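Student:
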Amino acid sequence: MRLLVVNDDGPPSPVSPYLAPLIAALNEAGHSTVVVIPDKPLSWIGKAHAVGKTLTAESRCPASFSADDCNIPGCAETEDRTHRWLIVNGPPASCTQLGLFHTPGLTPQDFDLVISGPNHGRNASTVYALSSGTVGGALEAAQCGRRAVALSFGSKDPQPATTIRAACVRAVKLVEELVRDWHPQVEVYSVNVPMIADVGEAPVRLTKTAEGRWVTGGLFVPVLKDSAADPEKLAMSAPASPSRTYQFRWAPQLGDIKRQAEESPEGEDLWASLHGVISIAPLKASFTAVNVQE
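My numbering applies: residue 826 is where the sequence shown begins, and numbers increase by one.
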């Protein structure tokens, strides 16, 4: 198959450890890949585009992100897109657009599938899926009329090379199976792979996306001028001027999500993430209408 691969974690790095091994596994399985990725990690950005921004894309040899020498003859051609990667100063959804509509010699219809990922961490439950740049890249593909798989590897902890390799090989087989038997009503499959030692033998379940909620805490905490002050009490004294500036630090309060995962019933992606099960959630790239007259 000819595949477009995008992600939201950017080029290979400690926070993007799964991209290069997946590309290697796809190529070893005989698939042709066009890789278009952000130039830096852009998690939690969803399906956003940088409106009004002129994007810059750089053609790079994959070996330039490692200590290895390039041994691919085609990489010497700067216009090559089969071996070289396109690195973009824009979000995942924009990478999908550039890959589909601006790959020389190819049209969107020439791509059999778009793979977004693998994400560095799970994208189970609506709290993660609705904000995920990985899922966003796949949803953008669906909006362009292409089938897509959002692929997430469920751990942010360092993993043995053998586990990463096994997860990538298993993911390639799953993608091939999904394409062979693609349900006509599905536009995107969100696949969460647990990073466990026996991932190659992990069971697979079709699941629904769990409905996550921020309840007792959110994504930010206030930054206090007095570090000894109670973090729950942001001083609200009368300002010396008509305006006042506040600061809030990114610090997701994950207690609600952990509790919801523990309470998640069998058949949801959160449940699968805690039980060593590969979850496959079929999705449509649309907001479901609610009939309030019924």
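The beta carbon of each residue, even a glycine, is placed where N, CA and C say it ideally should be. Quantities reported herein were computed from a predicted structural model and do not represent experimental measurements.
Residue ranges of each beta strand (DSSP E) run of no fewer than 3 residues wholly in the segment 893 to 923, ordered along the chain?
Tutor: List check, beta strand (DSSP E) in window: 910 to 913.
Student: Whole angstroms is fine: what's the gap from G915's alpha carbon to V831's?
Tutor: Taking the sequence shown and counting its residues from 1, one reaches residue 915 at position 90. Taking the sequence shown and counting its residues from 1, one reaches residue 831 at position 6. Approximately 12 Å between the Cα atoms of the pair.
Student: With respect to the beta strand (DSSP E) encompassing G970, which residues constitute its N-terminal and C-terminal limits?
Tutor: On the sequence shown, residue 970 is found 145 positions in, with the first residue counted as 1. Counting along the chain, G970 falls outside any beta strand (DSSP E), and DSSP gives it neither H nor E.
Student: When the Cα atoms are used, what is the spatial distance from N896 to P842?
Tutor: Reading the sequence shown from its first residue, position 71 is the one you call residue 896. Reading the sequence shown from its first residue, position 17 is the one you call residue 842. C-alpha separation (whole angstroms): 21 Å.
Student: Give me the Cα-Cα distance between G1092 and R1038, rounded to the nearest whole angstrom.
Tutor: Taking the sequence shown and counting its residues from 1, the one referred to as residue 1092 is at position 267. Taking the sequence shown and counting its residues from 1, the one referred to as residue 1038 is at position 213. Distance between the alpha carbons of G1092 and R1038 is about 18 Å.
Student: In chain order, what residues of the same chain have a beta carbon less than 7 Å from the beta carbon of W1075, not counting five sequence neighbours either side?
Tutor: Walking along the sequence shown from the start, residue 1075 turns up at place 250. Cβ neighbours of W1075 beyond the five flanking positions: L1044 and F1045.
Student: Can you tell which of V860, L923, F890 and G946 has the C-alpha that lies nearest to the C-alpha of R906?
Tutor: By one-based count along the sequence shown, residue 906 stands at place 81. Checked all of V860, L923, F890 and G946; the closest Cα to R906 is V860.
Student: Is the separation between the beta-carbon of V1016 and that of S977 shorter than 9 Å?
Tutor: Here residue 1016 corresponds to residue number 191 of the sequence shown, with the count starting at 1. Here residue 977 corresponds to residue number 152 of the sequence shown, with the count starting at 1. Yes, these two residues count as a Cβ contact at 9 Å.
Student: Could you round the C-beta distance between V960 and R995 to whole angstroms and report it? I think they count as a contact, below 8 Å.
Tutor: For the purposes of this step, residue 960 is identified with residue 135 of the sequence shown, where counting begins at 1. For the purposes of this step, residue 995 is identified with residue 170 of the sequence shown, where counting begins at 1. Actually they do not touch by this definition, with Cβ atoms about 20 Å apart.
Student: Can a CB atom of chain D be found closer than 9 Å to the CB of E1036?
Tutor: Of the protein chains in this structure there is only one, and it is not chain D.
Student: Taking all protein chains shown into account, decide if S1052 is buried (16 or more other Cβ within 10 angstroms of its Cβ) or exposed.
Tutor: Counting from one through the sequence shown, the residue named residue 1052 turns up at place 227. Because S1052 carries a pLDDT of 48, less than 50, the predicted location of this residue cannot be relied on, and the following value inherits that uncertainty. Classification for S1052: exposed.
Student: According to DSSP, is E1002 helix, strand or coil?
Tutor: Residue numbering aside, residue 1002 sits at position 177 when the sequence shown is read from its first letter. Here E1002 sits in helix by DSSP.
Student: Short check: CB of P837 to CB of S891, under 9 Å?
Tutor: Translated into the one-based positions of the sequence shown, residue 837 becomes position 12. Translated into the one-based positions of the sequence shown, residue 891 becomes position 66. Result yes, Cβ atoms of P837 and S891 sit closer than 9 Å.
Student: Measure the Cβ-Cβ separation of C993 and T921 and say whether it is below 9 Å.
Tutor: If you number the sequence shown from 1, residue 993 lands on position 168. If you number the sequence shown from 1, residue 921 lands on position 96. Contact: no.
Student: Please classify H856 as buried or exposed, where buried requires at least 16 other C-beta atoms within 10 Å of its C-beta.
Tutor: Reading the sequence shown from its first residue, position 31 is the one you call residue 856. Residue burial annotation: H856 is buried, with at least 16 other C-beta atoms found within 10 angstroms of its C-beta.
Student: Measuring only the C-alpha atoms, how far is P929 from E904?
Tutor: Working through the sequence shown from its first residue, we reach residue 929 at position 104. Working through the sequence shown from its first residue, we reach residue 904 at position 79. Rounded to whole angstroms, P929 to E904 spans 8 Å at the Cα level.
Student: Is L867 closer than 9 Å to G958 when the C-beta atoms are compared?
Tutor: If you number the sequence shown from 1, residue 958 lands on position 133. If you number the sequence shown from 1, residue 867 lands on position 42. Taking 9 Å as the Cβ cut-off, G958 and L867 qualify as a contacting pair.
Student: For K865 and D1006, I'd like the C-alpha separation in whole angstroms.
Tutor: By one-based count along the sequence shown, residue 865 stands at place 40. By one-based count along the sequence shown, residue 1006 stands at place 181. Whole-angstrom Cα-Cα distance: 34 Å.
Student: Can you tell me whether T881 is helix, strand or coil according to DSSP?
Tutor: Translated into the one-based positions of the sequence shown, residue 881 becomes position 56. It is coil, neither helix nor strand.
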